[in-house]
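Using this note's numbering, read the sequence shown as starting at 109 and increasing by one per residue. Think of the CB as a built atom: it goes at the ideal place given N, C-alpha and C, for glycine as much as any other residue. Worksheet: the structure to be examined is printed underneath.
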Amino acid sequence: MNDKMKNLLVRTVSGVVMMAVFFTAIWCSHWSFRILILLIMFGCLFEFYNLCNRGGMQPQKATGFIYSTLLFYINFYIFSQFAADGFVSATSSGMVMPLLLYMLVMLPTIFICELWHKSEKPMANIATTLAGVIYVAVPMSLLMYIPLLLNGGVWNPVMMIGFICIVWGNDVFAYLVGCTLGRHKMAERISPKKSWEGFVGGIAGAVLIGWLASLAVGGSAALWCGLALVTSVTGVAGDLVESMFKRSVGVKDSGRIMPGHGGFLDRFDAMLISVPFAFVYLLLML
């Protein structure tokens, strides 16, 4: 067995195990789903700040983790209100004030904490600390709302599984089409292996899965296919963004926790960028 086939086998087995863990957590309850997202958020944040360290910056890791956890907790509360009372009620009574207070306290505190950091690059440290919260904690918090928006404010694990299948389906189809038909490089400076053929194949695969998901849940085919289109296009951008970060500090993978996939950022990079766009799309459509 050559190295390429061996890598594909390892990647496949690791992917199947990861899917089993992910889908089990989603299917058991919304509590296990939220705990899983929180753990993924911690893993992604840890790897992002490590990449910043490799680039010569010193983000306030403790502050970043504290504010990311606080943001997740606020959205955890809003998620519960959303599921109980609906989006309009949750927005008017439970969302605006906690998020406003969070922003008013978080921003100046990060600046103040840098006074005791004793670093020659305070602006870079503040910027990367905030970037970790925005890049990782915001999309992981918004991910909680996706199944509720897709199902009228009622938790249904099938909705979340359908969305995850779209995200990962885009990745799988792009990889397979790119490996077999890829000829025209998409962003050679950032990710030499990405091709336009793989990009189109990933979108086609994601839209197909979106259509199948709409049949499975009895939802609108147009809504699900549109969600798949938005998610797949922005997901590719997410992949390229993470590749840009890694290339800037000279590393191949953000971590080694997942054999054949790398680290948390390597596996969830597409989701980090695509979730905010998917959230806005569903708000506008629904």
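| Query | Result |
| --- | --- |
| Around the Cβ of Gly358, are there at least 16 other Cβ atoms within 10 angstroms (buried) or fewer (exposed)? | exposed |
| Exposed or buried, which one is Lys293 when buried takes at least 16 other CB atoms within 10 Å? | exposed |
| Assign Phe219 to buried or exposed, taking buried as 16 or more other Cβ atoms, counted over all protein chains shown, within 10 Å of its Cβ. | exposed |
| Roughly how many whole angstroms lie between the Cα atoms of Arg142 and Thr288? | 37 Å |
| Write down the C-beta distance between Phe353 and Leu159 rounded to the nearest angstrom, noting that I regard them as a contact closer than 8 Å. | 5 Å |
| Kindly list the residues whose CB is nearer than 6 Å to the CB of Met248, restricted to its own chain and excluding five residues on each side of it in sequence; keep chain order. | Ile145 and Met149 |
| In its own chain, which residues sit with a C-beta less than 6 Å from the C-beta of Phe187, not counting the 5 before and 5 after it? | Met252 |
| Ignore the nearest five residues each way along the sequence and tell me which others in Lys229's own chain have a CB closer than 8 Å to its CB. | Gly164, Met165 and Gln166 |
| Output the distance between the C-alpha atoms of Ile269 and Ser303, rounded to the nearest integer angstrom. | 28 Å |
| Are the Cβ atoms of Ala295 and Val338 separated by less than 7 Å? | no |
| So, are the CB atoms of Ile347 and Ala312 less than 7 Å apart? | In the sequence as displayed, the identity of residue 347 is Asp instead of Ile. No; because the gap between Cβ atoms is not below 7 Å, this pair is not in contact. |
| In its own chain, which residues sit with a C-beta less than 8 Å from the C-beta of Val196, not counting the 5 before and 5 after it? | Since pLDDT at Val196 reaches only 48, below the 50 mark, its modelled position is unreliable, and the value read off the structure follows with that caveat. Counting only Cβ-Cβ distances below 8 Å, and skipping sequence neighbours, we find nothing. |
| Can you find the residues in the same chain that come closer than 7 Å, C-beta to C-beta, to Ser328, ignoring five residues on each side of it along the sequence? | Ser322 |
| Among the candidates Asn183, Tyr157 and Arg162, whose CA atom is the shortest distance from the CA of Phe173? | Tyr157 |
| Between Val315, Val262 and Pro300, which lies nearest to Asn278 when the distance is taken from Cα to Cα? | Val315 |
| Does the distance from the C-beta atom of Leu179 to that of Ala245 stay below 7 Å? | yes |
| On the DSSP bridge list, what partners appear for Ala295? | Ser299 |
| Let me make sure I understand the geometry here. Which of Gly343, Leu335 and Arg364 has the alpha-carbon closest to that of Gly151? | Arg364 |
| Is it the case that the Cβ atoms of Gly318 and Ala336 are separated by a distance below 7 Å? | yes |
| Starting from the C-beta of Cys221, find all residues in its chain whose C-beta is less than 6 Å away, skip the five residues before and the five after it, and write them out in chain order. | Gln168 and Thr171 |
| How big is the Cα-Cα spacing for Gly286 and Thr217? | 46 Å |
| Could you tell me the alpha carbon to alpha carbon distance between Cys136 and Trp332, rounded to whole angstroms? | 24 Å |
| Kindly indicate which three-state DSSP category Gly370 falls into: helix, strand or coil? | strand |
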